[in-house]
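The structure appears below as structure tokens.
Protein chains in written order, with the numbering used here: chain A, 96 to 534; chain B, 19 to 266.
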């Protein structure tokens with residue numbers, strides 16, 4: 096023998112006695128195991144029941160079991176005086192299964208042929224939330240709010256409470272966790288009313304680096320304090336404020352701390368009360384602001400843009416040099432410069448220098464030379480003059496031989512000519528002449 | 019040069035002395051890599067002499083000193099229409115020598131100007147002829163060691179042609195005077211260019227500049243009365259000169 100497989104849960108079905116609607120045969124023992132999904136119960140509705148009637152359904156019967164416990168035993172017909180007929184009302188199983196056993200004895204009354212029964216069943220959602228509290232002392236199904244669902248249920252909690260991990264009971268909510276939105280509102284449990292005793296709540300406000308948190312406590316602030324000669328002491332109830340890299344401070348009393356600028360992107364608040372005393376608690380709004388970077392200063396012979404009264408996290412600045420100057424950083428020329436205000440309040444890189452450009456040594460002139468007229472070391476706006484080795488060479492044409500170091504680092508004449516001039520030989524003009532004085 | 023004088027230093031800085039297989043000739047500097055001369059100096063028996071037989075000197079007036087620092091030719095360009103196998107046809111007697119090295123000009127080496135397009139050769143205008151060719155002292159022709167010069171007037175073309183015709187009565191095989199030539203000299207003789215001056219410059223002056231009007235080419239005797247020196251008319255070759263220099 097091997098165990099029969101569990102019947103596949105159905106949402107509805109039909110059960111009929113053998114040969115129905117013909118009279119059922121004698122000596123029967125037939126069993127039906129009905130099952131619907133977990134969380135449902137079975138509603139069984141008889142459309143017809145005609146079983147030989149007898150006292151206590153002694154001879155023929157249809158017995159309904161739930162987990163081996165006989166719940167009902169039916170026989171007879173709708174109007175018979177004997178027997179036990181279910182009538183028109185459906186029957187409801189306690190759980191998601193039912194077993195029907197139909198049996199007949201060896202004798203059937205010859206005058207009347209009984210037809211047996213026909214019944215339909217369907218799965219009916221169990222309203223677990225309506226179930227009475229178990230008597231085992233485990234408490235209600237849900238400690239606060241029970242929400243029935245098809246085939247199951249959910250527990251929920253009132254405002255100010257959180258569902259425990261057992262998904263059944265609720266615990267006082269501190270509204271805790273991590274607050275990472277740029278602004279928000281926090282309050283102690285039950286605020287503005289006093290919460291249950293022995294509260295220990297932690298709140299962490301943590302926003303992106305580059306932002307600082309400012310707390311703004313509302314005026315209605317009440318944390319029990321103990322008076323002492325040194326002033327109010329936060330002995331039993333307190334709100335401890337911890338800012339990164341700073342000593343924690345404890346707040347209590349009836350005076351709101353008002354606005355606290357933390358200069359930090361993370362603030363931890365721990366609210367503590369003991370088993371005695373009363374504190375109505377506190378509430379605050381927090382906001383965040385971008386970290387400020389120092390004013391970048393100025394660059395000689397350059398311009399820092401944009402010019403703002405203050406520079407905040409993620410602000411960019413650019414530096415451009417005046418005409419004739421180039422950007423230099425760490426001894427190297429750079430094509431462009433920008434820097435960003437970082438989350439730590441420092442600029443991503445320091446400002447560059449603007450150094451005057453130079454055009455380099457002017458091209459040498461064959462059979463000529465070059466002389467500086469003004470300026471310094473081939474720098475921007477320096478003026479040079481090309482000359483030819485006179486009297487044996489002369490410049491081509493009457494071109495202006497003065498070249499100026501231009502902003503594009505090219506020596507350029509006033510005629511926008513870049514190429515250096517050309518020295519052409521002077522012909523036919525000896526430096527010494529044949530002088531004939533004799534006549 | 020007959021009837022001339024020693025040229026002071028740096029007065030004719032375009033003057034070139036050529037030594038072609040040991041034979042003395044003249045030339046003139048016309049660019050920082052170019053020397054112009056007479057074609058007949060560098061064509062021997064119808065063939066252009068090889069570069070290595072040609073030595074080029076410039077910058078000094080004294081031959082012995084000058085010859086200490088020769089320059090050499092990179093290429094020789096004879097006028098394509100020069101054809102003088104029998105030494106009686108000096109038409110197109112012009113050639114260009116390209117130097118191996120570029121010259122840097124100074125007071126002793128300077129180019130002579132080329133003629134302007136349409137330059138005129140007016141009769142009687144005095145020109146300057148120079149050279150290291152034969153000179154005459156005490157009725158004896160001698161080889162000079164010193165650059166000499168003489169001023170000579172441009173001679174009327176017909177007058178020159180007549181003198182050549184007259185000379186033909188005394189001597190055969192006298193070359194023809196063509197339009198590519200002009201004459202310079204004195205009817206009474208005594209002043210002239212001579213052998214060894216070939217290729218040297220005959221310059222005229224305009225606006226204080228010397229321009230190469232002629233190249234010493236040929237003549238009947240030297241300094242003789244009634245004869246004139248014949249010079250290649252450079253102005254007729256401007257296009258060829260420029261083309262040759264540009265293409266090379």
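Note that the Cβ used here is the ideal one computed from N, Cα and C, for glycine as well.
- A Cβ of chain B is located within less than 8 Å of the beta carbon of residue 524(A).
- Residues of the segment 147–179 of chain B with a C-beta less than 7 Å from any C-beta of chain A: 167, listed in chain order.
- Distance between residue 258(A) and residue 284(A), taken at the CA atoms: about 15 Å.
- Taking 8 Å as the upper bound on Cβ-Cβ separation, chain B lies near residues 520, 521, 522 and 523 of the segment 499–523 of chain A.
- Taking 8 Å as the upper bound on Cβ-Cβ separation, chain B lies near residues 462 of the segment 439–463 of chain A.
- For residue 126(A), the uninterrupted beta strand (DSSP E) segment begins and ends at 124–130.
- Listed along chain A is no residue with a C-beta nearer than 7 Å to that of residue 144(B); the closest approach is about 11 Å.
- Put simply, the CB of residue 412(A) is far from chain B, with every gap to its CB atoms at 8 Å or more.
- Close CB contacts of residue 400(A) within its chain, under the 6 Å cut and outside five residues either way in sequence, are with 413 (chain order).
- For residue 84(B), the enclosing alpha helix (DSSP H) covers residues 81–84.
- Under the three-state reduction of DSSP output, residue 212(B) falls in the coil class, being neither helix nor strand.
- One alpha carbon belongs to residue 527(A), the other to residue 71(B), and they sit about 32 Å apart.
- By the neighbour-count definition (other C-beta atoms within 10 Å, threshold 16), residue 243(B) is an exposed residue.
- With fewer than 16 other Cβ atoms from the protein chains shown falling within 10 Å of its own Cβ, residue 177(B) counts as exposed.
- The C-alpha of residue 215(A) is placed about 12 Å away from the C-alpha of residue 144(A).
- Only residues of its own chain outside the window of five on either side were considered, and among them 454 and 513 have a CB closer than 7 Å to the CB of residue 505(A), listed in chain order.
- Not a single CB atom of chain A sits nearer than 8 Å to the CB of residue 137(B).
- For residue 137(A), the enclosing beta strand (DSSP E) starts and ends at 135–145.
- As DSSP reads the structure, residue 61(B) sits in a beta bridge with 66(B).
- Taking the Cβ atoms as the reference, residue 241(B) lies roughly 12 Å from residue 202(B), outside the contact range of under 8 Å.
- About 6 Å separates the CB atoms of residue 212(A) and residue 141(A); that is less than 8 Å, so the two are in contact.
- Residue 273(A) is classed as exposed because its beta carbon has fewer than 16 other beta carbons within 10 Å across all chains shown.
- Assigned with DSSP and collapsed to three states, residue 265(B) falls in helix.
- As for any beta strand (DSSP E) of minimum length 3 sitting wholly inside the segment 111–179 of chain B, the runs are 113–117, 144–149, 152–155, 158–161 and 166–173, ordered along the chain.
- Cβ contact annotation for residue 355(A) (same chain, cutoff 6 Å, sequence separation greater than five): 310, in chain order.
- In this structure, the CA atom of residue 139(A) is about 30 Å from the CA atom of residue 231(A).
- It is roughly 42 Å from the alpha-carbon of residue 110(A) to the alpha-carbon of residue 264(A).
- Nearest CB-CB separation between residue 532(A) and chain B: not below the 8 Å threshold.
- Going by C-alpha positions, residue 151(B) is about 37 Å away from residue 491(A).
- By the beta-carbon neighbour count (other beta carbons within 10 angstroms, threshold 16), residue 198(B) is buried.
- For residue 497(A), the enclosing beta strand (DSSP E) begins and ends at 497–500.
- By DSSP's assignment, residue 382(A) forms a beta bridge with 309(A).
- The Cβ atoms of residue 302(A) and residue 308(A) sit closer than 8 Å to each other.
- In its chain, beyond the 5 residues on either side, 487 and 488 have a beta carbon closer than 7 Å to the beta carbon of residue 520(A).
- When C-alpha distances from residue 320(A) are compared across 210(A), 438(A), 334(A) and 194(A), the shortest belongs to 334(A).
- Spanning the alpha carbons of residue 233(A) and residue 289(A) requires a straight line of approximately 29 Å.
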